[in-house]
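Report on the structure given below.
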Amino acid sequence: MHELSVCDAIVGTTLKRAEGRRVTQVTVQIGHLRQVVPDALQFGWEVLTDSTDLKGCELLIEQVPAVVRCQGCGTETTLDMPILMCGACESFDVTLLSGEEFLIVSMDVTGE
Ligand SMILES: [Zn+2]
């Protein structure tokens, strides 16, 4: 499952940054083009953290829409499908503005 490997990466990075401190909440930004199903990510998170220091830690998922700007007509299009195309003139000459994010944007750490 794709989401499990994504989760695995989040768990690994979080544990490393936590340096032994207790983490209560992790917020991630996932771009639309990553094709991640939030429910599956949430489930994977629970499974993977269960046997670690992150057990009980909450995962907040912020989804970032995929947006492109057309080089031809300048229109910005929010993509429903993972096809990089201008919604106005159907040109493929577009620049990706967002949608490929996969970031841990914040971590809540308790204690010292
Ligand atoms: Zn266009």
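Here my numbering = 1-based position in the sequence shown + 378.
Every residue gets a Cβ at the ideal spot worked out from N, C-alpha and C, and that includes glycine.
Keep in mind it's a predicted model, so treat the numbers as computed, not measured.
- Ligand 1 has no heavy atom closer than 7 Å to the beta-carbon of Ser-383.
- Checking the 7 Å criterion, the Cβ of Cys-435 is out of range of every heavy atom belonging to ligand 1.
- By DSSP's assignment, Glu-397 forms no beta bridge with any residue.
- Between the alpha carbons of Leu-393 and Ser-469 lies a gap of roughly 44 Å.
- Under the 10 Å beta carbon count, Gly-422 is surrounded by 16 or more other beta carbons and is classified as buried.
- Per the DSSP secondary-structure output, Ser-484 pairs in a beta bridge with Thr-405.
- Here the alpha carbons of Gly-398 and Glu-478 stand approximately 30 Å from one another.
- The Cβ neighbour count for His-410, taken over all protein chains shown within 10 Å, is at least 16; the residue is labelled buried.
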